[in-house]
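Read top to bottom, the protein sequences are chains A and B.
The numbering of the first sequence is our numbering, which starts it at 2 and goes up by one.
The numbering of the second sequence is our numbering, which starts it at -12 and goes up by one.
Take a look at the structure set out below.
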Amino acid sequence: MALYREQGIVLRTYKLGETDRILSLLTPGRGKVRAVAKGVRRPGSRFGGRLEPYSHVDLQLYEGRNLDIVAQAELITSFTAVREDFALSACAAVMVEAADRVAQEQERSTRLVLLVLDGLRALARHPEYPGVVLDAYLLRLASLAGYHPDLEACAGCGVPGRHRVFSIAAGGILCRACAPTGSRPLDAGVVALLAALAGRDWDALAVAAAEPRLRRAASALVNSFLTYHLGQPLRAWQLVPR
Amino acid sequence: MYEGPVQDLVEELGRLPGVGPKSAQRLAFHLLTVDSADAERLAASILAVKERVRFCVRCCNVSEFDECRVCRDPRRDPRVLCVVEEPRDVVALERTGEFRGRYHVLGGAISPIDGVGPDDLNIKPLLARLADEDVAEVVLATNPNVEGEATASYLGRLLKTLGVRVSRIASGLPVGGDLEYADEVTLGRAFAGRREV
Chain A
2 MALYREQGIV LRTYKLGETD RILSLLTPGR GKVRAVAKGV RRPGSRFGGR
52 LEPYSHVDLQ LYEGRNLDIV AQAELITSFT AVREDFALSA CAAVMVEAAD
102 RVAQEQERST RLVLLVLDGL RALARHPEYP GVVLDAYLLR LASLAGYHPD
152 LEACAGCGVP GRHRVFSIAA GGILCRACAP TGSRPLDAGV VALLAALAGR
202 DWDALAVAAA EPRLRRAASA LVNSFLTYHL GQPLRAWQLV PR
Chain B
-12 MYEGPVQDLV EELGRLPGVG PKSAQRLAFH LLTVDSADAE RLAASILAVK
38 ERVRFCVRCC NVSEFDECRV CRDPRRDPRV LCVVEEPRDV VALERTGEFR
88 GRYHVLGGAI SPIDGVGPDD LNIKPLLARL ADEDVAEVVL ATNPNVEGEA
138 TASYLGRLLK TLGVRVSRIA SGLPVGGDLE YADEVTLGRA FAGRREV
């Protein structure tokens, strides 16, 4: 069995037998990796609390036929603060669920790993509106996965401007000429907020999202956008306190 | 494949958790060789568990009567309530002999990724108990994993608004373990929760 070393983020865990767990890991070099952590549920296991979801770890793994096996694990960042707060934990659950959908096995995923880490770090700073950080993460994830939402120019003809009709199927905002007849324009504040979520620095997001009405509208659009393009709704999204 | 009843038994046993086709065959052939009395006792206990066991009206633990053994016991301290995820956790805590209060079983933990929210747990009965009973302290004894921590955080916030003292069980090093092999999270928690000697 070949040994290899990878850094990874624990996306999900599934119970296996009495004391083991199957981990779904996101690694830069090999994309999504499924591996077994033996005895991890036993108190006093050598892995201890290192392999909990959202943990960023340095791993040594054996290549297996179906599943790899975790030989050693060192913690890089535990993101304990995220796990211990309900709102942050719910946001992180959506983040890893979305990353799990997008990531592929045996496909380099450095940018995705960096994005997930950015998202988790932003949550760990206890933001004023964790839901806003989540929405920003989801828009960036959509861009990374090839569904970049056009928010600065018409998604149909490319005419620049903050147009106010948003079409999920077209993948962004549409100018008057491209918008289907009868479509209802959005509040200009929502379009501006979406653009800020997609592009602005993580720490500056709270300022852009101060108004609750705009936050809710933008959040609903982000969820619909992701549901449409990922093909399935994100299960954890419903439980994020807004 | 086997004939009639043997095949039925193999198939039924194979539906149990952790029992594969080979194990199901082994169990079925073991049952074929045991005394009729033993087989009847097993069948009777399976039936009894389905007919007689229900959930305690007070704490939602499994019970043979309307109220479970702990809730019926007048020697238990009604002012301290320990909130756990599963009935098995009650047994684990009872084995310690440290806790003399009563329990409340949530029936799971909040898990956003599996779509399990607060409404899917026995949180409403807990709030009703806190309104009806004279409870001074609630101890949150959910598992120290992602789901358990999320549940404890949610309940902690909710219960503090009711003016009741809320505590979380400590977590740290296992007895008999080595400090040098402890992971950073556990060791950090053990350090944060140190106590004066």
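Where a beta carbon is used, it is the ideal one built from N, C-alpha and C, also for glycine.
Kindly give me the distance between the Cβ atoms of residue i and residue j, rounded to whole angstroms, as I take these residues to be in contact under 8 Å.
i, j, result
"R43/A", "T20/A", "5 Å"
"S140/B", "E85/A", "6 Å"
"A219/A", "L194/A", "5 Å"
"C43/B", "C58/B", "6 Å"
"R165/A", "L187/A", "5 Å"
"S50/B", "R41/B", "6 Å"
"A237/A", "V95/A", "4 Å"
"V(-7)/B", "A24/B", "Actually they are not in contact, since the Cβ atoms of V(-7)/B and A24/B sit about 20 Å apart, beyond 8 Å."
If we call anything under 8 Å between Cβ atoms a contact, is residue i one with residue j?
i, j, result
"Q12/A", "V37/A", "Before going further, note that residue 12/A is Leu rather than Gln in the sequence given. No. Outside cutoff."
"P150/A", "A93/A", "no"
"L68/B", "R89/B", "yes"
"L(-4)/B", "L29/B", "no"
"L80/B", "A123/B", "no"
"E98/A", "I100/B", "yes"
"A91/A", "V223/A", "no"
"L60/A", "E108/A", "no"
"P65/B", "D121/B", "yes"
"G190/A", "C176/A", "no"
"A74/A", "R51/A", "yes"
"S46/A", "F80/A", "no"
"A178/A", "S168/A", "no"
"G193/B", "A177/B", "Chain B is shown from -12 up to 184; residue 193/B falls before or after that span and cannot be answered."
"I174/A", "L206/A", "no"
"V77/B", "V70/B", "no"
"V103/B", "G94/B", "no"
What residue from the options has the CA that sits closest to residue i's CA?
i, options, result
"N130/B", "L108/B, A115/B, A157/B", "A157/B"
"A125/A", "A221/A, W203/A, L26/A", "W203/A"
"R22/A", "V97/A, H127/A, D69/A, N224/A", "D69/A"
"K33/A", "D119/A, E106/A, Y63/A, C158/A", "E106/A"
"E171/B", "S25/A, I10/A, E53/A", "E53/A"
"T28/A", "V58/A, A3/A, R47/A, V41/A", "V58/A"
"T78/A", "A170/A, H164/A, I10/A", "I10/A"
"L235/A", "R102/A, L26/A, P131/A", "R102/A"
"C55/B", "V92/B, A179/B, A35/B, V153/B", "V92/B"
"Q12/B", "P4/B, E(-1)/B, V21/B", "E(-1)/B"
"N132/B", "A171/A, L206/A, F167/A, V83/A", "V83/A"
"L142/A", "D119/A, H164/A, P131/A", "D119/A"
"R87/B", "L113/B, E73/B, V126/B, F52/B", "V126/B"
"A221/A", "L135/A, A209/A, G45/A, G65/A", "L135/A"
"A196/A", "R243/A, S144/A, A104/A", "S144/A"
"G132/A", "R217/A, L187/A, A178/A", "R217/A"
"L26/A", "A3/A, A137/A, S110/A, F87/A", "S110/A"
"F226/A", "E212/A, A171/A, G183/A, H127/A", "A171/A"
"G65/A", "V192/A, R35/A, H230/A", "R35/A"
"A100/A", "H127/A, R243/A, V192/A, L121/A", "L121/A"
"Y229/A", "A104/A, R243/A, L140/A", "L140/A"
"R152/B", "L117/B, K9/B, R181/B", "L117/B"
In whole angstroms, give me the CA-to-CA distance for residue i and residue j.
i, j, result
"P105/B", "Y(-11)/B", "47 Å"
"L76/A", "A169/B", "11 Å"
"P61/B", "G84/B", "17 Å"
"G159/A", "V6/B", "60 Å"
"R185/A", "G147/A", "26 Å"
"G143/B", "L108/B", "15 Å"
"P161/B", "V114/A", "33 Å"
"Y63/A", "K39/A", "12 Å"
"A215/A", "P181/A", "Note that residue 215/A is Leu in the sequence shown, not Ala. Going by the C-alpha atoms only, they are around 24 Å apart."
"G49/A", "V41/A", "7 Å"
"E134/B", "Q239/A", "16 Å"
"A115/B", "L149/B", "12 Å"
"A209/A", "A137/B", "28 Å"
"L34/B", "E27/B", "10 Å"
"G30/A", "L4/A", "14 Å"
"L166/B", "G175/B", "11 Å"
"P4/B", "E212/A", "50 Å"
"P112/A", "T173/B", "Note that residue 112/A is Arg in the sequence shown here, rather than Pro. Between R112/A and T173/B, the C-alpha separation is close to 30 Å."
Between residue i and chain C, is any beta-carbon pair separated by less than 8 Å?
i, result
"T173/B", "As a matter of chain content, chain C is missing from the structure shown, whose protein chains are A and B."
In this structure, what does DSSP give as the bridge partners for residue i?
i, result
"T228/A", "For T228/A, which the question treats as bridged, DSSP gives no partner whatsoever."
"E78/A", "The sequence shown places Thr at residue 78/A, rather than the Glu named in the question. Answer is H57/A."
"S154/B", "V126/B"
"I7/A", "Residue 7/A is actually Glu in this sequence, not Ile. DSSP lists L60/A as partners of E7/A."
"F69/B", "Strictly speaking, residue 69/B in this sequence is Cys, with Phe absent from that position. Paired residues: Y90/B, V126/B."
"R41/B", "S50/B"
"Y15/A", "I23/A"
"L206/A", "Its beta-bridge partners do not exist; DSSP assigns none."
"A36/A", "L24/A, D69/A"
"L175/A", "V166/A"
"A154/A", "P161/A"
"V103/B", "S98/B"
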